[in-house]
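Asks: To start, I am sharing the structure in question, which I have written as structure tokens.
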Amino acid sequence: MAKKGARAAYQRPAPTAPDRWLVYSTVPLRLFLGLTFVYAGLQKIADPGFLQPGSATYIGTQLESFATHSPIGFLLDWLALPVPQLAGIGVIVTELVIGAIVILGLATRWAAAAGALLSFVLFLTASWTVQPYFLGSDSIYTVAWITLALIGDQGVLTARPLFFTDRPASGVRTPAVTDLARRRLLIQIGGAGVALVWVLALLPRSRGFIAATPNANPTGAPTPVASPTGTKIGALADLQSQGSLTFQDPTSGDPAVAVALSGGSVVAFDAVCTHAGCQVAYDSGQRLLVCPCHGAQFDPAHGAAVVAGPAPTPLPSIKVQVGSDGGVYAG
Numbered sequence: 001m002a003k004k005g006a007r008a009a010y011q012r013p014a015p016t017a018p019d020r021w022l023v024y025s026t027v028p029l030r031l032f033l034g035l036t037f038v039y040a041g042l043q044k045i046a047d048p049g050f051l052q053p054g055s056a057t058y059i060g061t062q063l064e065s066f067a068t069h070s071p072i073g074f075l076l077d078w079l080a081l082p083v084p085q086l087a088g089i090g091v092i093v094t095e096l097v098i099g100a101i102v103i104l105g106l107a108t109r110w111a112a113a114a115g116a117l118l119s120f121v122l123f124l125t126a127s128w129t130v131q132p133y134f135l136g137s138d139s140i141y142t143v144a145w146i147t148l149a150l151i152g153d154q155g156v157l158t159a160r161p162l163f164f165t166d167r168p169a170s171g172v173r174t175p176a177v178t179d180l181a182r183r184r185l186l187i188q189i190g191g192a193g194v195a196l197v198w199v200l201a202l203l204p205r206s207r208g209f210i211a212a213t214p215n216a217n218p219t220g221a222p223t224p225v226a227s228p229t230g231t232k233i234g235a236l237a238d239l240q241s242q243g244s245l246t247f248q249d250p251t252s253g254d255p256a257v258a259v260a261l262s263g264g265s266v267v268a269f270d271a272v273c274t275h276a277g278c279q280v281a282y283d284s285g286q287r288l289l290v291c292p293c294h295g296a297q298f299d300p301a302h303g304a305a306v307v308a309g310p311a312p313t314p315l316p317s318i319k320v321q322v323g324s325d326g327g328v329y330a331g
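All residue numbers for the sequence shown refer to my numbering, where the first residue is 1 and numbers rise by one.
In structure tokens:
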């Protein structure tokens, strides 16, 4: 018997089983992420231009735009741009496989970790120029996938029993120590991953804060310049007949577009969308510059101001001149 006044040894209370309904809280997150990845893969398959060179949504064009401003642009130049179609197919297959595995509850943690890695790569490429970061989705998807990788599917609504038979583990185990150490390590890795995404998201970007020089609804035909400066990008007659002219900005190297407005004047803008870096194209029917990736629309007659979609800022303007020789010069 213990001596009177001696402190009783502290005993940690035994862990209690979680509420049986609480484990179902993982289902909405799991299904949303899984279905979203499956939908993203199917959407790319349904897009006839995704793997077609020269189309507005061609993966090669998107990769070129991403590589220009991405912090891992050198990896895109090395691995993806030499084989853009193969890279596009790889993304499609990865999204479909990850989504299907997560929906079925097969190896959910591993699939979620792969989803977090893919979303992180997309954050560093497709969403890197989106500022503030909460306007882009890939950083949030990365954190959501990390969360799912930490909590798993909890054995709820899974098809695992149809594919695998659980076998009792052999040998001597110390589950309390082993599981706690493993969980602590996973939480630390997950927390570090989330912190890394947040810190990277707060880094300043140049493209997200570029403001276009306003053009207040210019009217009238441009006055020919005898000795224009800059690089010749085409003929005024072709520009007026086609409505627009694509070229490469001689200053930044970005894809650019010149537009002939209804009053006869000519304006030009950087063609890299300020939302996620896709290349915009001129829609002569709407008389707008339209991003094929996420639907952003810019009005070239008003300084490429954003009139629809998620783009945070207008397209940067490019100085153009019309020479007396009938050529259009940029820069």
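Where a beta carbon is used, it is the ideal one built from N, C-alpha and C, also for glycine.
None of the values given here were measured: they were computed from a predicted structure.
(1) With a CB to CB cut of under 6 Å and the five nearest residues on each side skipped, what residues in its chain are close to ASP254?
(2) Buried or exposed, going by whether 16 or more other CB atoms sit within 10 Å of the CB of THR165?
(3) Could you give the residue range of the alpha helix (DSSP H) that holds SER332?
(4) Determine the contact status of LYS232 and GLY327, defining contact as a CB-CB distance below 8 Å.
(5) Spatial neighbours of GLY277 within its chain, please: CB distance less than 6 Å, with the 5 preceding and 5 following residues excluded, ordered by chain position.
(6) Run through DSSP, which three-state label would PHE269 get?
(7) Whose C-beta lies closer than 6 Å to the C-beta of PHE247 among residues of the same chain, with five residues either side of it excluded?
(8) Please state the DSSP three-state secondary structure of SER317.
(9) Pair every Cβ in the stretch 67–87 with every Cβ in the stretch 26–39, then say whether three or more of these pairs are closer than 8 Å.
(10) Name the residue from VAL266, LEU148, LEU157 and LEU239 whose alpha carbon lies nearest to the alpha carbon of ALA113.
(11) Mark LEU315 as exposed unless 16 or more other C-beta atoms lie within 10 angstroms of its C-beta, in which case mark it buried.
(12) Can you list, in chain order, the residues of its chain whose CB lies under 7 Å from that of ALA107, leaving out five sequence neighbours each side?
(13) Would you kindly work out how many angstroms separate the C-alpha atoms of VAL117 and THR313, rounded to a whole number?
(14) According to DSSP, what are the bridge partners of THR283?
(15) Going along the chain, which residues of its own chain have a beta-carbon closer than 6 Å to the beta-carbon of GLY190, five neighbours each way excluded?
(16) Whether or not the stretch 317–331 and the stretch 284–299 are in contact is what I'm after, with contact meaning three or more pairs of Cβ atoms, one per stretch, closer than 8 Å; do they touch?
(17) In chain order, what residues of the same chain have a beta carbon less than 7 Å from the beta carbon of GLY90, not counting five sequence neighbours either side?
(18) What does DSSP give as the partner residue(s) for ASP153 in the beta ladder?
(19) Would the beta-carbon of GLY105 fall within 8 Å of that of LEU35?
(20) Quick one: grab the DSSP three-state call for LEU261.
(21) Is the CB-CB distance between VAL79 and VAL38 below 8 Å?
(22) For the alpha helix (DSSP H) that GLN297 lies in, which residues bound it at each end?
(23) Exposed or buried, ALA311, counting other C-beta atoms within 10 Å across all chains shown (16 or more means buried)?
(24) What runs of the alpha helix (DSSP H), each 4 residues or longer, lie entirely inside the stretch 18–62?
(25) Sorted by chain position, which residues of the same chain lie with C-beta nearer than 6 Å to ILE187's C-beta, five sequence neighbours on each side aside?
(26) Excluding five sequence neighbours on each side, which residues of the same chain lie with their C-beta closer than 8 Å to the C-beta of ILE45?
(27) For GLY309, which residues of its own chain have a beta-carbon under 8 Å away from its beta-carbon, when the five flanking residues on both sides are left out?
(28) Could you please give me the residues that DSSP links to TYR329 through a beta bridge?
(29) Whose C-beta lies closer than 8 Å to the C-beta of GLN62 among residues of the same chain, with five residues either side of it excluded?
(30) In the DSSP assignment, find the unbroken alpha helix (DSSP H) run with ALA116 in it and report its ends.
(31) Quick one: what's GLN248 bridged to in DSSP?
(32) Kindly list the residues whose CB is nearer than 8 Å to the CB of LEU307, restricted to its own chain and excluding five residues on each side of it in sequence; keep chain order.
(33) Starting from VAL91, trace the alpha helix (DSSP H) both ways and give me its first and last residue.
(34) Who are the Cβ neighbours of ILE98 in its own chain at under 6 Å, not counting the five residues just before and after it?
(35) From what residue to what residue does the alpha helix (DSSP H) around PRO161 run?
Replies: On the basis of the coordinates in this document:
(1) ASP270 and VAL272, listed in sequence order.
(2) Classified as exposed, THR165 has fewer than 16 neighbouring CB atoms from the shown chains inside 10 Å of its CB.
(3) Not covered by the structure: residue 332. The range shown for the chain is 1 to 331.
(4) Contact flag set, yes.
(5) So the list reads SER65, PHE66 and THR129, once near-sequence residues are dropped.
(6) Looking at PHE269 - three-state DSSP - the assignment turns out to be strand.
(7) Closer than 6 Å at Cβ, skipping near neighbours: ILE233 and ALA256.
(8) Of the three classes helix, strand and coil, the one that applies to SER317 here is strand, per DSSP.
(9) Because the criterion of three Cβ pairs below 8 Å is not met, the stretch 67–87 and the stretch 26–39 do not touch.
(10) Of the candidates VAL266, LEU148, LEU157 and LEU239, the one whose C-alpha sits nearest the C-alpha of ALA113 is LEU148.
(11) It counts as buried.
(12) These residues qualify, in order along the chain: ILE101.
(13) Just to set this straight, residue 117 is Leu in the shown sequence, not Val. Each residue's Cα considered, the two are about 29 Å apart.
(14) Here the sequence assigns Asp to residue 283, which means Thr is not the residue at that position. For ASP283, which the question treats as bridged, DSSP gives the partners LEU288.
(15) ILE146 and LEU150, listed in sequence order.
(16) Counting Cβ pairs under 8 Å, fewer than three are found: no touch.
(17) Contacts found: none.
(18) Note: ASP153 sits in no beta bridge, so no partner.
(19) Against a cut-off of 8 Å, the Cβ pair of LEU35 and GLY105 comes out as no contact.
(20) LEU261: coil per DSSP, three-state reduction.
(21) A small correction: the amino acid at residue 79 is Leu; Val does not occupy that position in the sequence shown. Not closer than 8 Å, so no.
(22) GLN297 -> not in any alpha helix (DSSP H); beta strand (DSSP E) instead, spanning 297–299.
(23) Residue environment: ALA311 is assigned as buried (16 or more neighbouring CB atoms within 10 Å of its CB, all protein chains considered).
(24) Runs of the alpha helix (DSSP H) inside the stretch 18–62: 26–46.
(25) There are no such residues.
(26) Hits under 8 Å: ILE92.
(27) So the qualifying residues of the chain are HIS275, CYS291, HIS294, GLY295, ALA296 and GLN297.
(28) TYR329 is bridged by DSSP to LYS232 and GLN321.
(29) ALA126, GLY277, CYS278, GLN279 and CYS293.
(30) Counting along the chain, the alpha helix (DSSP H) containing ALA116 begins and ends at 108–125.
(31) Per DSSP, PRO255.
(32) The question names Leu, but residue 307 in the sequence shown is Val. So the list reads LEU288, GLN297, PHE298 and ASP299, once near-sequence residues are dropped.
(33) Here the alpha helix (DSSP H) through VAL91 covers 84–104.
(34) Excluding residues within five positions, the ones whose Cβ falls inside 6 Å are PHE37, ALA111, ALA114 and GLY115.
(35) Segment 160–163, the alpha helix (DSSP H) holding PRO161.
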